[in-house]
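Trainee: Quick note, the sequences are listed as chains A and B, same order. Here our numbering is used: the first residue of the first sequence is 31, the next is one more, and so on. Here our numbering is used: the first residue of the second sequence is 168, the next is one more, and so on. No residue lacks a Cβ here, since even glycine has one placed at the ideal position from N, Cα and C. Submitted below is the structure of interest, expressed as C-alpha cells.
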Amino acid sequence: MAKLVVNQALVGDIDQLISICPFNAMENKNGELVINAACKMCKLCVKKGPQGAVEYVEEEVKTIDKSQWKGIAVYVDHVDGVIHPVTYELIGKARELALKINHPVYAIMMGSGISEQCQELLHYSVDKVFAYDNKQLDRFKIEPYTAVFEDFVQNVKPTAILMGATPVGRQLAPRLAARVGTGLTADCTILDINENTDLVQIRPAFGGNIMAQILTPNHRPQMATVRYKVMDATERNPEKSGEIVSCEIASDKLHSSIEVLDIIAKEKEQFIEASEVLVVAGRGIRKEEDLQLVTELADILGGQIACTRPVMEAGWLEAKRQVGLSGRTVRPKLIITVGVSGSVQFAAGMNNSDQIIAINKDENAPIFKVAHYGLVGDLYEIVPELINKIKLSKAV
Amino acid sequence: MNILVCIKQVPDSNKVEVDPVTGVLKRNGVESKMNPYDLYALETALRIKEQKGGSIHVLTMGPGQSAGIIREAYAMGADKGVLISDRKFGGADVLATSYTISQGIKMSGEFDLILCGKQTTDGDTAQVGPEVAEWLGIPSVSNVSNILEIGDKDITVEMDMTHDLEITKVQFPCLLAVDKDIFMPRLPSYIKKLETKDREITVITLTDLEDQDEKHYGLNGSPTQVERIFPPEVNAHRELWNGNGIELTEQLFQKLKDLKFA
C-alpha cells in the first residue's frame, strides 16, 4: 500500500510547497498542509518539496513470476475476414521486441471461416497463429470476443498483447484488460522492452504536449493499443513459417446480449489515412474558394486534401479530413502543409510522415520545427506557380 | 427509464510544458470545464428521457470542485448528481478509475442505460467506458453515432465502424459510448440553473462503497505506472528556404522531382 504522509513540522513555507503541485491537490487548512482528492500521486511534492515534508510510504508489493508469461501476441484486427493493415505493423513491432527478450511472436485471430487468413499470416514471420474459427464469432460482439481473448490469455499466457487502436481494438482491449485485471496503455507511439520483459510504453499525454513513459511492472499480460501508421509494417515473406494452432471454446461462453441487425456500407469515402500524398490547408488560406488551389495541387500529385482544426471548424472541410490529435493520424509518403502554423496537436497527427514540406509566411511558425523542408513564403505566390510547373512537366 | 451519464471535469486547455531542468510539469492556469465529449452523452440522455420518461443521474469522479460540472448538468436538465471523491482514489489509471466508477454506480441505483462520451480531452484513452461495462458485467457498444429505436427491453443503435455502419440491438442494461455530433448539445438554461441551485449532490467516498479495500483504488489499484514524463521530440532534419516566390517554387518543384512525386 502506497500513500503520501505529510510531516507538518518539516513543511516550512506552506504556500511554497503548495505551488509545487501541478494539480492543486494541496491546501492550507488552518496552517496545516492537507492533500485533497485532486492528488494524482505524481510525487512531485516528495521530490521537489523540502526534504521529508511529504513522504511516499510504500508497503511491500506482491511480485509476480514474470517467467510464467511468454510471447508477444498481436490481435489480428479484421472485419469480415479483411485484415486491417495495422496488424502487420504490430507484427513487425512484436518481432522486434521479441528478439530482445528471446520470446516467440503470436497472432490471435477470431472469426468465422478464417483459415485462409491464418495461412496468409504465416507469411509475416509469426511463430504461432492461434485460430478461433467459429460461426458465433462471425461478427464482432463484445462479450464473445472478450471471452475468446480471455481463454487465449489463460491458456497461452503471453507477456504482452498489442492491438490496433481501431473501432474494434478500442472496445475489445479495455474490456479484456478489465476482465483479466491488468493495465492498458492507449495509443502508444513508441514501444520498447526491458530485459525483465517489462514493456516500455510511450504515449502522448495532455493533447501531445507531453510524452509519458509507462510501465506495467507487476501485472501480466501487459496491454497496449497502437494507432494505424505509427509502426513500420513487416514485409511479406514468400515462404511460410510458424504454425497454426486451432482453438476451441465452449459455445455457452459465446452468448451475447447484442444482435447485429444490419451492416450498411458507408458511402465510398476517401480516407486521408490511406493516401500516400496529402496537401493540408491551414488558416493561411484566406477564403473558402481558395481551397480549390489546395485541392488542385493534391490532385496533380495524386493525393488528397486535408486540413487543420480551424479550417474544419470553419465548416470548409469535413471532420474526417482533419489531421491532428482531435482528428486523424496520418503517415503519408509526402505531406505538404499550406498556410499551417503547426500546433503541437496538429504535428502529433502527422510528424511521422516520410517527407514533410511546409509553406508558411511566418519564419517562426512551429511547423518549421517538424518540416524537413520549410519554405518561408506566400502560398498564394508559390502554389499556383507550382501547379503550373508540374502541369507543364507532365505535358512534355 | 433510468439513465446514468458519466461525466468528467477536464482542464480548459492542454497547454502544459515540462520544465527541461527540473522535469516538473508546468500547467498554466487551471480553469476547468466539463469534458466536451460528455455533453453529447448528456444530450443523448435528455432526448431519450423526453421520449421515454424516467430520470437522469450524472456521475463524476474527482476533487470537490468537480461538483461544478454536476451543477452545469443540472442546468441542462439532469435530475440527480453523484460525486465520487476521496484522496484514496488519487493516481488511478484506467483500471482503478473504471473500477471506482463501477462501484459508485452500484451505490447510486439500478440503471437501464449508462451513457459515456467518446473519450476525455485530458486522458484521451476512450477506455474507461468499456472497462466500466466490464466491471458491471453488462454489454457495451462504442462509436454510437445514432439511436434508432428505444424499446422496453432493448435499444437499437448505429455503431460507426469507419468503413461501415453496424445496426445493433442491445439489451438493457447496457453501456453506450456515443460519438461526437450524435445530437447537438443544448445550452444550460438559466431558469433551470436557478431552480436547481439548492439541489443536493450525493458525495460518495471510499467508506460508502461496497468494496472498501484500499488496494483496489487509486495508485495502489493501478497496474500501470508513469515512469517519467518528457517533452516530445521534434524531427532532426530541417532545412529552411528563404527567397522570393519564384525561387522558392522552383526549389520546391526540383525537390518534388528528386523525391519522385512530380
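Would you mind telling me which residues of chain B sit closer than 7 Å to A/Leu-405, beta carbon to beta carbon, in chain order?
Mentor: Mapped onto the first sequence, residue 405 of chain A falls at position 375. Neighbours of A/Leu-405 on chain B, chain order: Trp-408, Leu-415, Leu-419.
Trainee: Starting from B/Val-393, follow its DSSP beta bridges and name the residues at the other end.
Mentor: Position 226 of the second sequence, counting from 1, holds the residue named residue 393 of chain B. In DSSP, B/Val-393 forms a bridge with A/Ile-244.
Trainee: Identify which residue in A/Ile-191, A/Cys-69, A/Glu-225 has its Cα closest to the Cα of A/Ile-131.
Mentor: Start at 1 with the first residue of the first sequence, and residue 131 of chain A comes out as number 101. Out of A/Ile-191, A/Cys-69, A/Glu-225, A/Glu-225 has the C-alpha closest to the C-alpha of A/Ile-131.
Trainee: Between the stretch 321–337 of chain B and the stretch 272–281 of chain A, do at least 3 Cβ pairs fall closer than 8 Å?
Mentor: no
Trainee: For chain A, check one thing: does any of its Cβ atoms lie closer than 9 Å to the Cβ of B/His-330?
Mentor: Stepping through the second sequence from its first residue, residue 330 of chain B is reached at position 163. It does: the Cβ of B/His-330 has a partner Cβ on chain A nearer than 9 Å.
Trainee: On a CA-only basis, which of B/Ile-236, B/Tyr-207, B/Thr-374 is nearest B/Gln-270? Give me that one, please.
Mentor: Stepping through the second sequence from its first residue, residue 270 of chain B is reached at position 103. Cα-wise, what sits closest to B/Gln-270 is B/Thr-374.
Trainee: In angstroms, rounded to a whole number, what distance separates the CA positions of A/Lys-259 and A/Thr-359?
Mentor: The residue given as residue 259 of chain A occupies position 229 in the first sequence. The residue given as residue 359 of chain A occupies position 329 in the first sequence. Cα-Cα distance, rounded: 8 Å.
Trainee: Which whole runs of the beta strand (DSSP E) in the stretch 235–321 of chain A are 3 residues long or more, in chain order?
Mentor: 240–245, 252–256, 273–276, 288–295, 307–311
Trainee: Against chain A, does B/Lys-175 count as a neighbour if the rule is that its beta carbon must be under 9 Å from one of theirs?
Mentor: Against the second sequence, residue 175 of chain B aligns to sequence position 8. No, because no Cβ of chain A sits closer than 9 Å to the Cβ of B/Lys-175.
Trainee: How close, in whole Å, do the beta carbons of A/Val-406 and B/Trp-302 come, if the pair is a contact with beta carbons under 8 Å?
Mentor: The residue labelled residue 406 of chain A in the question sits at position 376 within the first sequence. The residue labelled residue 302 of chain B in the question sits at position 135 within the second sequence. Separation of the CB atoms of A/Val-406 and B/Trp-302 is rounded to 54 Å, and the pair is thereby denied contact status at 8 Å.
Trainee: Might you give, ordered along the chain, the residues of its own chain that have their beta carbon closer than 6 Å to the beta carbon of A/Ile-44, omitting 5 neighbours on each side?
Mentor: As a working note, residue 44 of chain A is residue 14 in the first sequence. The answer, listed in chain order, is Asn-58, Leu-63.
Trainee: Going by DSSP in three states, B/Asp-331 sits in which element: helix, strand or coil?
Mentor: By 1-based counting over the second sequence, the position of residue 331 of chain B is 164. The three-state reading of DSSP puts B/Asp-331 in strand, counting E and B together.
Trainee: Tell me which residues of the stretch 238–264 of chain B have at least one Cβ-Cβ distance to chain A shorter than 7 Å, keeping chain order.
Mentor: Ser-252, Asp-253, Arg-254, Phe-256, Gly-257, Gly-258, Asp-260, Val-261, Leu-262
Trainee: For B/Leu-262, tell me which candidate among B/Glu-367, B/Gly-296, B/Asn-411 has the shortest Cα-Cα distance.
Mentor: Position 95 of the second sequence, counting from 1, holds the residue named residue 262 of chain B. The shortest Cα separation from B/Leu-262 among B/Glu-367, B/Gly-296, B/Asn-411 belongs to B/Gly-296.
Trainee: Are the Cβ atoms of A/Pro-204 and B/Gln-232 separated by less than 9 Å?
Mentor: Here residue 204 of chain A refers to the residue found at position 174 when the first sequence is read from its first residue. Here residue 232 of chain B refers to the residue found at position 65 when the second sequence is read from its first residue. Going by C-beta atoms, A/Pro-204 is not nearer than 9 Å to B/Gln-232.
Trainee: Against chain A, which members of the stretch 262–283 of chain B pass a CB distance test of less than 7 Å?
Mentor: Leu-262, Ser-265
Trainee: Assuming contact is defined by CB atoms lying nearer than 9 Å, are A/Leu-327 and A/Val-368 in contact in what I supplied?
Mentor: Against the first sequence, residue 327 of chain A aligns to sequence position 297. Against the first sequence, residue 368 of chain A aligns to sequence position 338. Going by C-beta atoms, A/Leu-327 is nearer than 9 Å to A/Val-368.
Trainee: Could you tell me how far apart the beta carbons of A/Phe-460 and A/Val-198 are, in whole angstroms, since I believe they sit closer than 8 Å?
Mentor: The first residue shown for chain A is 31 and the last is 426, placing residue 460 of chain A beyond what the model contains.
Trainee: Under DSSP, the beta strand (DSSP E) around B/Pro-178 begins and ends at which residues?
Mentor: Start at 1 with the first residue of the second sequence, and residue 178 of chain B comes out as number 11. 176–178 is the extent of the beta strand (DSSP E) around B/Pro-178.
Trainee: Given a threshold of 16 other Cβ atoms within 10 Å of its Cβ, counted over all protein chains shown, does A/Glu-173 qualify as buried or as exposed?
Mentor: The residue given as residue 173 of chain A occupies position 143 in the first sequence. A/Glu-173 should be labelled buried.
Trainee: Name, please, each residue of chain B whose Cβ falls closer than 8 Å to the Cβ of A/Glu-173.
Mentor: As a working note, residue 173 of chain A is residue 143 in the first sequence. Pro-306, listed in chain order.
Trainee: Near A/Val-76, what residues of its chain come up, given a Cβ to Cβ distance below 6 Å and the 5 sequence neighbours on each side ignored?
Mentor: By 1-based counting over the first sequence, the position of residue 76 of chain A is 46. Once the five neighbours on either side are set aside, the close Cβ partners of A/Val-76 are Val-84, Tyr-86.
Trainee: Keeping to the same chain, check which residues put their C-beta closer than 8 Å to that of B/Leu-283; ignore five residues upstream and five downstream.
Mentor: Counting from 1 along the second sequence, the entry for residue 283 of chain B is found at position 116. Sequence inspection shows Cys at residue 283 of chain B; the Leu mentioned does not correspond to that position. For B/Cys-283, where only same-chain residues beyond five positions count, the Cβ hits under 8 Å are Val-172, Cys-173, Asp-205, Ala-208, Val-295, Gly-296, Val-299, Leu-342, Leu-343, Ala-344, Val-345.
Trainee: Contact check, A/Ala-32 vs B/Arg-254 under 8 Å by CB: the rounded distance?
Mentor: Translated into the one-based positions of the first sequence, residue 32 of chain A becomes position 2. Translated into the one-based positions of the second sequence, residue 254 of chain B becomes position 87. In fact, because the Cβ distance is near 13 Å, the residues do not count as touching under 8 Å.
Trainee: Taking just the CA atoms, how far does B/Ser-265 sit from A/Arg-233?
Mentor: For the purposes of this step, residue 233 of chain A is taken as residue 203 along the first sequence, with counting starting at 1. For the purposes of this step, residue 265 of chain B is taken as residue 98 along the second sequence, with counting starting at 1. Whole-angstrom Cα-Cα distance: 20 Å.
Trainee: On the criterion of 16 or more Cβ atoms from any shown chain inside 10 Å, does A/Gln-149 qualify as buried, or is it exposed?
Mentor: Locating residue 149 of chain A in the first sequence gives position 119, counting from the first residue. Result: exposed.
Trainee: Consider the Cβ of A/Pro-204: report whether some Cβ of chain E lies at a distance smaller than 9 Å.
Mentor: The structure shown has no chain E; the protein chains it does contain are A and B.
Trainee: Counting along the chain, where does the beta strand (DSSP E) carrying B/Lys-359 start and finish?
Mentor: By one-based count along the second sequence, residue 359 of chain B stands at place 192. From DSSP, B/Lys-359 is part of no beta strand (DSSP E) but of the alpha helix (DSSP H) over 357–362.
Trainee: Can you find a C-beta in chain B that's less than 9 Å from the C-beta of A/Phe-301?
Mentor: The sequence position of residue 301 of chain A within the first sequence is 271, counting from 1. By this cut-off, A/Phe-301 is an interface position.
Trainee: Could you compute how far the alpha carbon of A/Val-183 sits from the alpha carbon of B/Val-225?
Mentor: Against the first sequence, residue 183 of chain A aligns to sequence position 153. Against the second sequence, residue 225 of chain B aligns to sequence position 58. Roughly 35 Å separates the two Cα atoms.
Trainee: Could you work out which residue in A/Glu-303, A/Val-341, A/Val-210, A/Ile-294 is closest to A/Arg-316 when comparing CA atoms only?
Mentor: As a position in the first sequence, residue 316 of chain A is number 286, starting the count at 1. The shortest Cα separation from A/Arg-316 among A/Glu-303, A/Val-341, A/Val-210, A/Ile-294 belongs to A/Val-341.
Trainee: Could you say which of A/Arg-250, A/Gly-111, A/Lys-158, A/Gln-166 lies nearest to A/Ile-144 if we only look at CA atoms?
Mentor: Numbered from 1 along the first sequence, position 114 holds the residue referred to as residue 144 of chain A. It is A/Gly-111 whose Cα lies nearest to the Cα of A/Ile-144.
Trainee: Measuring straight from C-alpha to C-alpha, what distance separates B/His-404 and A/Ile-397?
Mentor: If you number the second sequence from 1, residue 404 of chain B lands on position 237. If you number the first sequence from 1, residue 397 of chain A lands on position 367. Their backbone Cα atoms lie some 13 Å apart in a straight line.
Trainee: Cβ atoms of A/Gly-194 and A/Thr-428: under 9 Å apart, would you say?
Mentor: Outside the displayed span of chain A (31 to 426) sits residue 428 of chain A, for which this structure offers no information.
Trainee: Please report whether the beta-carbon of B/Arg-353 lies at a distance below 9 Å from any beta-carbon of chain A.
Mentor: In the second sequence, residue 353 of chain B corresponds to position 186, counting from 1. So, not an interface residue.
Trainee: Using a cut-off of 9 Å between C-beta atoms, extract the partners of A/Asp-157 located in chain B.
Mentor: Counting from one through the first sequence, the residue named residue 157 of chain A turns up at place 127. None at all; the shortest Cβ gap to chain B is about 26 Å.
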